[in-house]
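Going by my numbering, the first residue of the sequence shown is number 139, and it counts up by one from there.
Idealized CB from N, CA, C, for every residue including glycine.
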Amino acid sequence: MNPSSAPYFFISYSREDKSLQQKVVLELRERGINVWVDIENLIPGTPAWEREVERSIRGAAGVIALLSPSSNNSEWVRREISFAEANRKRIFPVLVHGDENASIPLRLSSHQHVDLRSNFNYGISYLSETLNDFLGVTLERKLPRQKKKILDLSKINYKKIGLPGLIAVIGVACLGGLIFAVNNFINRDSVVRPSLTPSDIDPLITEKVTDPSTDEPFGKIIYTCQIQGDEICIINADGSGWKRLTNTSFASFNASLSPDGGKAVYVVSQGSTSEIHELDISNGKSTQLTNLNKSLGSPEISPDDQFIVFHYRSGNDNVQLWLMNRDGSNPYELFSESGRDVHDGTWSPDGTQILFAYGRGENNKLYTMDFNGRDPRLLNESIDTRGRSDWSHGNLIVLDMGDPFKHEVYLMNDDGSNLQQVSPTGMNSQGASLSPDGKWIAFTAYTNVTEDLNSCEIFIMRVDGTDVRQLTNNGYCDYQPRWGN
Numbered sequence: 139m140n141p142s143s144a145p146y147f148f149i150s151y152s153r154e155d156k157s158l159q160q161k162v163v164l165e166l167r168e169r170g171i172n173v174w175v176d177i178e179n180l181i182p183g184t185p186a187w188e189r190e191v192e193r194s195i196r197g198a199a200g201v202i203a204l205l206s207p208s209s210n211n212s213e214w215v216r217r218e219i220s221f222a223e224a225n226r227k228r229i230f231p232v233l234v235h236g237d238e239n240a241s242i243p244l245r246l247s248s249h250q251h252v253d254l255r256s257n258f259n260y261g262i263s264y265l266s267e268t269l270n271d272f273l274g275v276t277l278e279r280k281l282p283r284q285k286k287k288i289l290d291l292s293k294i295n296y297k298k299i300g301l302p303g304l305i306a307v308i309g310v311a312c313l314g315g316l317i318f319a320v321n322n323f324i325n326r327d328s329v330v331r332p333s334l335t336p337s338d339i340d341p342l343i344t345e346k347v348t349d350p351s352t353d354e355p356f357g358k359i360i361y362t363c364q365i366q367g368d369e370i371c372i373i374n375a376d377g378s379g380w381k382r383l384t385n386t387s388f389a390s391f392n393a394s395l396s397p398d399g400g401k402a403v404y405v406v407s408q409g410s411t412s413e414i415h416e417l418d419i420s421n422g423k424s425t426q427l428t429n430l431n432k433s434l435g436s437p438e439i440s441p442d443d444q445f446i447v448f449h450y451r452s453g454n455d456n457v458q459l460w461l462m463n464r465d466g467s468n469p470y471e472l473f474s475e476s477g478r479d480v481h482d483g484t485w486s487p488d489g490t491q492i493l494f495a496y497g498r499g500e501n502n503k504l505y506t507m508d509f510n511g512r513d514p515r516l517l518n519e520s521i522d523t524r525g526r527s528d529w530s531h532g533n534l535i536v537l538d539m540g541d542p543f544k545h546e547v548y549l550m551n552d553d554g555s556n557l558q559q560v561s562p563t564g565m566n567s568q569g570a571s572l573s574p575d576g577k578w579i580a581f582t583a584y585t586n587v588t589e590d591l592n593s594c595e596i597f598i599m600r601v602d603g604t605d606v607r608q609l610t611n612n613g614y615c616d617y618q619p620r621w622g623n
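Below you can see the structure in the form of structure tokens.
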């Protein structure tokens, strides 16, 4: 759900307070207040969800924080408030439940808050008036820019400014040359950057890719490209053969390749629901595999090409891990847990185990279990991730974790040992996927983390974090890479 172009407020709340959140949103919207809610047409915990949350906070006029004991204990609410403060957003605390001491975090204790506990109607009216008043002040500040005055060269006293001006020009030129030289020296060996990725042509993918015997990256990387909304694109591991695979009015995302690389499974959003489709890479033909009328995500085909694991969400229930036959038949629940989300399943290289995320929202641990859905095993207690991971040859598992816009890629053994960061620090690296031979990692990273939300591109690097190469370079976001043959 993209925020409206009209001024809007982001609402931060705990999932435990969902009924109160719905009541507040309904009342504010009836009073003409535009409110953005994170779970409308989005699956919480997915990369697309976090990206939209960050995007929406950046674009919001302010943030409404619903306060309760649950929200005070919510790590994600704290992150949203921190992100709002970092972006200098006005925060409007609203006490909806519980004692003040247990509900109001220290960082908001000095803020004046609206109390909805004893008199909801009065409180919501006061909140509405406060928000409208704030919008009125904010909009008044957004005055049209004045036209730049044209410099009248005839009125310049050249004798007065000639020598100082010449010295200033020479100084600026010398300083600029020095900065350019230093920057060129620092960056010349760090990241290999390609030419612009075309957005309006679909060249054929070269069937002949780099020979794996040379230890160079081989295979194909399929990913989500935001050319005109979320679409599916593919590129060779050496950066050649870029192609846009989908072009529809519906958002397409979470793509992964079949074992032979000839087909892909992906998710198509259809408003409040999302279904799994299959795409023939050679001819572009798409076939819908599911018709469950629920929110499905992260499909992945088993190494023997017989099954598809995916996650399933019905309404506001917890996310469950499901399995179905390769053709979409016989879908059934594989594993779930009351009060927790189970999602983003991926196969072991031999297809006998499944790696998955288990937790709530942004806070997830990684577990493995047998193909029959039994004996889940925690890999590493220190992991706190959104959920997306990958498992490849060499007994390696890759994942990402970190604060908003501060994610890093981590690698570990498939028993959970030797967890270490491998991505270059400061690029907000995420959505990692291992190459089929387990020697390379594809990931999303930002070329301008602080200022450009669309600067996310596809990168690859060796598993030790060296030889970082940028594969895409364009004016839109590329993310969710999955490496295949």
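Where residue i falls, given that 16 or more other Cβ within 10 Å makes a residue buried
| i | result |
| --- | --- |
| K546 | Lys is not the amino acid found at residue 546; the sequence shown has Glu there. Buried, by the Cβ-count rule. |
| Y361 | buried |
| S420 | exposed |
| Y496 | buried |
| S194 | buried |
| N454 | exposed |
| Y404 | buried |
| A224 | exposed |
| R524 | buried |
| K156 | exposed |
| Y505 | buried |
| T384 | buried |
| V553 | Checking the displayed sequence, the identity of residue 553 turns out to be Asp instead of Val. Burial call: exposed. |
| G422 | exposed |
Spatial distance of residue i from residue j (CA atoms)
| i | j | result |
| --- | --- | --- |
| T428 | W621 | 24 Å |
| S256 | N210 | 20 Å |
| D368 | L204 | 31 Å |
| S412 | V447 | 15 Å |
| P487 | F494 | 14 Å |
| K544 | A402 | 30 Å |
| G399 | N623 | 5 Å |
| D482 | D443 | 18 Å |
| E438 | E168 | 42 Å |
| G261 | A144 | 24 Å |
| E589 | Q364 | 18 Å |
| F445 | L459 | 13 Å |
| R607 | M599 | 6 Å |
| K432 | D353 | 43 Å |
| H249 | N270 | 18 Å |
| R464 | L472 | 15 Å |
| H449 | P542 | 23 Å |
| N456 | K161 | 21 Å |
| P619 | C371 | 9 Å |
| L461 | E267 | 50 Å |
| E416 | I171 | 41 Å |
| N374 | I359 | 6 Å |
| L246 | E190 | 24 Å |
| D418 | S424 | 6 Å |
| N611 | G466 | 35 Å |
| G200 | D508 | 46 Å |
| L557 | G576 | 16 Å |
| V163 | I229 | 16 Å |
| H531 | F356 | 14 Å |
Closest residue to residue i among the options (Cα-Cα distance)
| i | options | result |
| --- | --- | --- |
| F597 | I535, K577, S567 | S567 |
| G511 | I521, W380, E154, T484 | T484 |
| S208 | E267, P619, Q159, F221 | Q159 |
| F581 | A224, I262, S573 | S573 |
| N551 | N392, P542, S527 | S527 |
| A198 | S206, R189, W174 | W174 |
| V601 | Q426, A570, T610, G540 | A570 |
| S410 | Y584, G435, R245, V201 | G435 |
| A240 | L273, Y264, D253, S206 | S206 |
Per DSSP, the bridge partner or partners of residue i
| i | result |
| --- | --- |
| P231 | A203 |
| K358 | N374, G622 |
| R515 | T506 |
| F494 | Y505 |
| F543 | F543 pairs with nothing; no bridge assigned. |
| E475 | R478 |
| M550 | I535 |
| V173 | F147 |
| Y470 | L461 |
CB contact below 8 Å: residue i versus chain C
| i | result |
| --- | --- |
| L517 | The structure shown contains no chain C, having only a single protein chain. |
beta-carbon residue i near the ligand HEM non-hydrogen atom, thresh 7 Å
| i | result |
| --- | --- |
| D528 | You won't find the ligand HEM in this model; it holds no ligand whatsoever. |
Practice task
Pair every Cβ in the segment 574-593 with every Cβ in the segment 609-623, then say whether three or more of these pairs are closer than 8 Å.
Solution key: Between the segment 574-593 and the segment 609-623 there are three or more inter-stretch CB-CB distances shorter than 8 Å, so the stretches are counted as touching.
Practice task
State whether the segment 518-536 contacts the segment 225-244, with contact taken as three or more CB pairs (one from each stretch) at a distance under 8 Å.
Solution key: Counting C-beta pairs closer than 8 Å gives fewer than three between the segment 518-536 and the segment 225-244, which falls short of the contact rule.
Practice task
Answer yes if the segment 554-562 comes into contact with the segment 209-223, meaning at least three C-beta pairs across the two stretches below 8 Å, and no otherwise.
Solution key: Counting C-beta pairs closer than 8 Å gives fewer than three between the segment 209-223 and the segment 554-562, which falls short of the contact rule.
Exercise for the section: Inspect the CB distances between the segment 142-155 and the segment 212-228 and report whether three or more fall short of 8 Å. Expected result: Of all C-beta pairs linking the segment 142-155 to the segment 212-228, three or more are shorter than 8 Å, placing the two stretches in contact.
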